[in-house]
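Notes follow the structure.
Protein chains: 2
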Amino acid sequence: MAKQRNNSINIKSVAQLAGVSISTVSRVINSPESVSEELRERVRKAIEELGYRPNQIARSLRTGSTKVVGFIIPDITNPAFLLMVKGAEDYLKRKGYMFIVCGTDHNIEEETKLLKTLLSQSVEGIIVTCSGGRNSSFAKTIQDSGVKLVFMDRRYEDIDLPYVGVDNTAGMEKITDLLVQTGHRSFVYLSGERNTSSAKERLRGFMKSMKKHGVKDYQVLYGRFTFESGYELTKKLKKIPEAVVGGNDLVALGAIEALNEMGYHVPDDVSVVGFDDMFYSKYSKPGLTTVRQPIYEMGYIAGKVLWQLLSGKNVRKRVTILQTDIVLRETVKERNASDRRLTEKVEVVS
Amino acid sequence: MAKQRNNSINIKSVAQLAGVSISTVSRVINSPESVSEELRERVRKAIEELGYRPNQIARSLRTGSTKVVGFIIPDITNPAFLLMVKGAEDYLKRKGYMFIVCGTDHNIEEETKLLKTLLSQSVEGIIVTCSGGRNSSFAKTIQDSGVKLVFMDRRYEDIDLPYVGVDNTAGMEKITDLLVQTGHRSFVYLSGERNTSSAKERLRGFMKSMKKHGVKDYQVLYGRFTFESGYELTKKLKKIPEAVVGGNDLVALGAIEALNEMGYHVPDDVSVVGFDDMFYSKYSKPGLTTVRQPIYEMGYIAGKVLWQLLSGKNVRKRVTILQTDIVLRETVKERNASDRRLTEKVEVVS
DNA sequence: TGGTGGGTTGAAAACGTTTTCAAGAACGTT
DNA sequence: AACGTTCTTGAAAACGTTTTCAACCCACCA
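Residue numbers (our numbering), protein chains in the order written: chain Y, 861 to 1210; chain H, 861 to 1210.
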């Protein structure tokens, strides 16, 4: 192949030009203080002159440390996941790491395949946002590889590895509480994919609030985490409630679109809330009241935890759960008697 | 460190267990047909038993081929860039490549730094979406590295390397033509960062259309490619035109927001168009009329071109320019005499 | 029977580093 | 003057592969 013939500015050529041994060159690079000033300067000049850069591959082989960490996320196109990745990168970058980012397209088989590929690429650590509800071969693959791993945002609950996530349950409970406290009496909950941990946790939060306040007039509908799903489920509604709770912002936005088409005004006739506070939600008309997750922070912390693992420190908290905030915008309206009469009238119409 | 002591399931252990030489094991892995059936089976069983996976680092060092390609994009959080990356990945994945994705945060210094890092990581190819208008050290860094590189979506025009992009000029010209043809007579163009190739090309398309139709009543304002920029520039407008042309969708959406606040209705008072057809644009109210770019395809083709480069084939087309489509939604309204009177009246008000 | 040739195999070199080890120099102490 | 110490340096081993080379075996042919 003669592939590296041309590219042969290696440590040897530097040593030759500087008139020293390769050991000395290596030392100048890795621990400059241990070599005399004269040689150090000569070597530095030679490096400069040749434009030499150490071959990381060779270095990795020798030291066993690649300084690269991998990410496995369900969808490489979803800005939310990427914002987490960025958080982790921002932390780990300063520690000198490089990054491989892989998307599974929500496919569990792809997930285990990527895991194996990353392992043979000798990454030192992996941050995973799980693609499915369960992945049986996951634990086995990790087990004896010696790689450090942390779950971010979504985890496999039967695998005992560090996890950084968000309190979906408490977040959803909080925003549902808000609806109850502002006088809403009837609810529809539009869930996303029922086998994901986030869908399950959020629904749990909604149910807790219902139970806590003794609300009986609610209905739970299952769909997907998409605009279209919210739209379709809402269109099929026989009875319009005072409040619609979306499993995420997309679902909520879809619901609003459907409600508008059906002749209802948000929030005058119906209140709607979402979950995520995605980029667009603040620009929607009316602005969506929703739950903000500290997405970037979650990634940042996951990066920090991974680094602790990598540098052999004890990780004090193997599980970190971040709290959410409620973002008040314009899709929730305080209900009182006269309002309630209005929606009741509307119900008769529909 | 004793780091790899535990992890020492290497080719040697397999050879030992199977009772053959390491050469034979290597051959079983890389060219099974060249070793006798008996040994082949024995080796395979040993591999299975030990759960052996070849060390890619060592393999890379020896062969000089890492089978990884790098991406450098301005913003790792922008779905549009990621969709391109996905396109390229989908093509190259099947050829057995791995991926390193880096974001520069629109910073040219970071860009060259990443370039160097990727090179020392011995990636075989790089796909770059340029961060700035010019990067002087770029060419020099690439030059003697022997790495294969292709520009995607944005390029440095003074560097002669393969490029896959979109016909920004024609796209913007087309949608401006549409505005003229639907009776619009006065225009404001809100540009993004003036030093990027996309901003320049799109503005050129707008100007071509103005010239072609002999329109004199237009104004060009420079800002950034963000929602806020569109909002602020619009707020400062002294005279509201019949049509606002955004440098991209975000800018257009910001303009609409500002117009609404200023008491103008889109599209009844003013038409607005964008460029990109990003995910949110179809959900905005009213739906944004814009220019769709074949983003995924662009990445896919960039991946294909890079692969041709990598496998030593001649690349027939060093420059590939893809065409755009116009997406008609609700932000453009046909103008006639009575409409024109309306906007004139409004102008007096402002 | 001796030579030719193809098919299988193992020993050893090579990839470009880091790191261990020992040698030598310089210096201070007895 | 002999002896430690410390500092600086180079030779060589090691990391885990792939690949070259030569050796061997066996069959075939003259």
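Glycine included, C-beta positions come from ideal geometry on N, C-alpha and C.
What whole-angstrom Cβ distance do GLU969(H) and PHE959(H) have, given they're in contact under 8 angstroms?
By 1-based counting over the second sequence, the position of residue 969(H) is 109. By 1-based counting over the second sequence, the position of residue 959(H) is 99. About 23 angstroms; that fails the 8 angstroms criterion.
Given that THR884(Y) touches chain H, what residues does it touch there, using C-beta distances under 9 angstroms?
Here residue 884(Y) corresponds to residue number 24 of the first sequence, with the count starting at 1. Those do not exist, as THR884(Y) stays about 20 angstroms from chain H at its closest Cβ, beyond 9 angstroms.
Would you verify that the beta carbon of LYS843(Y) is, or is not, closer than 8 angstroms to some beta carbon of chain H?
Coverage of chain Y is limited to positions 861 through 1210, which leaves residue 843(Y) absent and any answer about it impossible.
Pick from PHE1085(H), ILE1181(H), ASN1120(H): whose alpha carbon is nearest that of HIS966(H)?
Counted from its first residue, the second sequence places residue 966(H) at position 106. Of the listed residues, the one whose Cα sits closest to HIS966(H) is PHE1085(H).
So which of LEU975(H), GLU901(H), THR1029(H) has the shortest CA-CA distance to ALA878(H)?
Locating residue 878(H) in the second sequence gives position 18, counting from the first residue. When only C-alpha atoms are compared, the closest one is GLU901(H).
Below 8 angstroms between beta carbons: does that hold for PRO1022(H) and VAL1007(H)?
Translated into the one-based positions of the second sequence, residue 1022(H) becomes position 162. Translated into the one-based positions of the second sequence, residue 1007(H) becomes position 147. Against a cut-off of 8 angstroms, the Cβ pair of VAL1007(H) and PRO1022(H) comes out as no contact.
Can you list, in chain order, the residues of its chain whose CB lies under 7 angstroms from that of LYS1193(Y), leaving out five sequence neighbours each side?
Taking the first sequence and counting its residues from 1, one reaches residue 1193(Y) at position 333. Closer than 7 angstroms at Cβ, skipping near neighbours: PRO1127, ASP1128, SER1131.
Jot down the residue ranges of each uninterrupted alpha helix (DSSP H) in the segment 1031-1102 of chain H, minimum 4 residues, whole runs only, in chain order.
Complete alpha helix (DSSP H) runs here, min 4: 1057-1072, 1087-1095.
Give me the chain Y residues within the contact set of PHE1135(H), using Cβ-Cβ distance strictly less than 8 angstroms, ordered along the chain.
Mapped onto the second sequence, residue 1135(H) falls at position 275. What PHE1135(H) touches in chain Y: nothing, since even the nearest Cβ is about 17 angstroms away.
Against chain H, does PRO1101(Y) count as a neighbour if the rule is that its beta carbon must be under 8 angstroms from one of theirs?
The sequence position of residue 1101(Y) within the first sequence is 241, counting from 1. So, not an interface residue.
When the Cα atoms are used, what is the spatial distance from MET1083(H) to SER896(Y)?
As a first step, residue 1083(H) must be located in the second sequence, where it is residue number 223. As a first step, residue 896(Y) must be located in the first sequence, where it is residue number 36. The question names Met, but residue 1083(H) is Gly in the sequence shown. Cα-Cα distance, rounded: 54 angstroms.
Beta-carbon within less than 7 angstroms of THR1152(H)'s beta-carbon, same chain only, minus the 5 sequence neighbours each way: which residues are those?
For this step, residue 1152(H) is matched to residue 292 along the second sequence. The question names Thr, but residue 1152(H) in the sequence shown is Arg. Within the same chain, ARG1152(H) has close Cβ partners ASP1137, THR1184, ASP1185, VAL1187.
Could you list which residues in chain Y have their beta carbon closer than 8 angstroms to that of LEU1166(H), in chain order?
As a working note, residue 1166(H) is residue 306 in the second sequence. None at all; the shortest Cβ gap to chain Y is about 17 angstroms.
For ASP998(Y), list the residues DSSP reports as bridge partners.
Sequence index remark: in the first sequence, residue 998(Y) carries index 138 (1-based). The question names Asp, but residue 998(Y) in the sequence shown is Phe. Note: PHE998(Y) sits in no beta bridge, so no partner.
Given ALA1118(H), which residues of its chain have a CB within under 6 angstroms of its CB, disregarding the five upstream and five downstream residues?
Working through the second sequence from its first residue, we reach residue 1118(H) at position 258. Here the set comprises TYR1091, THR1094, LYS1095.
Which residues in the same chain have their Cβ closer than 8 angstroms to the Cβ of GLU1088(H), if we skip the five residues on either side of it in sequence?
On the second sequence, position 228 is the one that residue 1088(H) refers to. Hits under 8 angstroms: GLY1114.
Specify the secondary structure class of GLU993(H) as computed by DSSP and reduced to three states.
Residue numbering aside, residue 993(H) sits at position 133 when the second sequence is read from its first letter. One detail in the question is off: residue 993(H) reads as Gly in this sequence, not Glu. In the structure shown, GLY993(H) sits in coil (DSSP, three-state: anything other than H, G, I, E or B).
Helix, strand or coil for TYR1156(H)? Go by DSSP, reduced to three states.
The count along the second sequence starts at 1 and reaches residue 1156(H) at position 296. The answer is helix: DSSP assigns TYR1156(H) an H, G or I state.
Using the beta-carbon of each residue, which ones in chain Y are nearer than 7 angstroms to VAL903(H)?
Here residue 903(H) refers to the residue found at position 43 when the second sequence is read from its first residue. Neighbours of VAL903(H) on chain Y: none; closest Cβ ~18 angstroms, over 7 angstroms.
Give every residue of the same chain whose Cβ lies closer than 7 angstroms to the Cβ of ILE869(H), excluding the five residues on either side of it in the sequence, and list them in chain order.
The residue you call residue 869(H) lines up with position 9 of the second sequence. Contacts found: LEU910, GLY911, TYR912.
Give the residues of chain Y in contact with PRO1127(H), contact being defined as C-beta atoms less than 9 angstroms apart.
Here residue 1127(H) corresponds to residue number 267 of the second sequence, with the count starting at 1. Within chain Y, no residue comes near PRO1127(H); the closest Cβ sits about 15 angstroms away, beyond 9 angstroms.
Should the segment 981-996 of chain H be called in touch with the segment 925-938 of chain H, which here means at least 3 C-beta pairs below 8 angstroms?
Verdict: yes, contact present.
Output the distance between the C-alpha atoms of THR1180(H) and LYS1034(Y), rounded to the nearest integer angstrom.
By one-based count along the second sequence, residue 1180(H) stands at place 320. By one-based count along the first sequence, residue 1034(Y) stands at place 174. Those two C-alpha atoms are separated by around 52 angstroms.
Three or more C-beta pairs under 8 angstroms: does that hold for the segment 1058-1067 of chain H against the segment 1024-1033 of chain H?
Yes, the segment 1058-1067 of chain H is in contact with the segment 1024-1033 of chain H.
Do ILE987(H) and THR964(H) have their beta-carbon atoms positioned less than 8 angstroms apart in this structure?
Locating residue 964(H) in the second sequence gives position 104, where the first residue counts as 1. Locating residue 987(H) in the second sequence gives position 127, where the first residue counts as 1. In this structure, ILE987(H) does not lie closer than 8 angstroms to THR964(H) by Cβ.
Check distances from the C-beta atoms of the segment 941-971 of chain H to those of chain Y and list, in chain order, the residues that come in under 8 angstroms.
Here the close residues are LEU942, LEU943, VAL945, LYS946, GLU949, MET958, PHE959, ILE960, VAL961, CYS962, GLY963.
Start and end of the beta strand (DSSP E) containing PHE1135(H)?
To locate residue 1135(H), count along the second sequence from 1; it is residue 275. It is not in any beta strand (DSSP E) - PHE1135(H) carries neither H nor E in the DSSP assignment.
Which term fits VAL945(H), buried or exposed, when burial requires 16 or more other beta carbons within 10 angstroms of its beta carbon?
As a position in the second sequence, residue 945(H) is number 85, starting the count at 1. By the 10 Å Cβ count, VAL945(H) comes out buried.
Pull up the distance between the alpha-carbon of GLU1121(Y) and that of LYS1142(Y), whole angstroms please.
Indexing the first sequence from 1 puts residue 1121(Y) at position 261. Indexing the first sequence from 1 puts residue 1142(Y) at position 282. Going from the Cα of GLU1121(Y) to the Cα of LYS1142(Y) covers about 21 angstroms.
Does the beta-carbon distance from GLY1107(Y) to LEU1050(Y) come in below 8 angstroms?
To locate residue 1107(Y), count along the first sequence from 1; it is residue 247. To locate residue 1050(Y), count along the first sequence from 1; it is residue 190. Contact: yes.
Give the range of the beta strand (DSSP E) segment to which ILE986(H) is assigned.
As a working mapping, residue 986(H) is identified with position 126 in the second sequence. From DSSP, the beta strand (DSSP E) with ILE986(H) extends over 985-988.
Determine the DSSP secondary structure at MET944(H), reduced to helix, strand or coil.
Counting from 1 along the second sequence, the entry for residue 944(H) is found at position 84. Three-state result, MET944(H): helix.
Is ILE933(Y) helix, strand or coil when you go by DSSP?
In the first sequence, residue 933(Y) corresponds to position 73, counting from 1. Note: ILE933(Y) maps to strand in three-state DSSP.
Could you pull out every residue in the same chain whose Cβ sits closer than 7 angstroms to the Cβ of LEU974(Y), ignoring the five residues on either side in sequence?
In the first sequence, residue 974(Y) corresponds to position 114, counting from 1. Result list for LEU974(Y): ILE932, CYS962, THR964, in chain order.
Round the Cβ separation of SER1069(Y) and ASP1037(Y) to the nearest angstrom and send it over; I've been treating them as touching at under 8 angstroms.
Residue numbering aside, residue 1069(Y) sits at position 209 when the first sequence is read from its first letter. Residue numbering aside, residue 1037(Y) sits at position 177 when the first sequence is read from its first letter. About 5 angstroms separates the two Cβ atoms, so the contact holds.
How big is the Cα-Cα spacing for ILE936(H) and SER991(H)?
Start at 1 with the first residue of the second sequence, and residue 936(H) comes out as number 76. Start at 1 with the first residue of the second sequence, and residue 991(H) comes out as number 131. ILE936(H) and SER991(H): Cα-Cα distance of roughly 12 angstroms.
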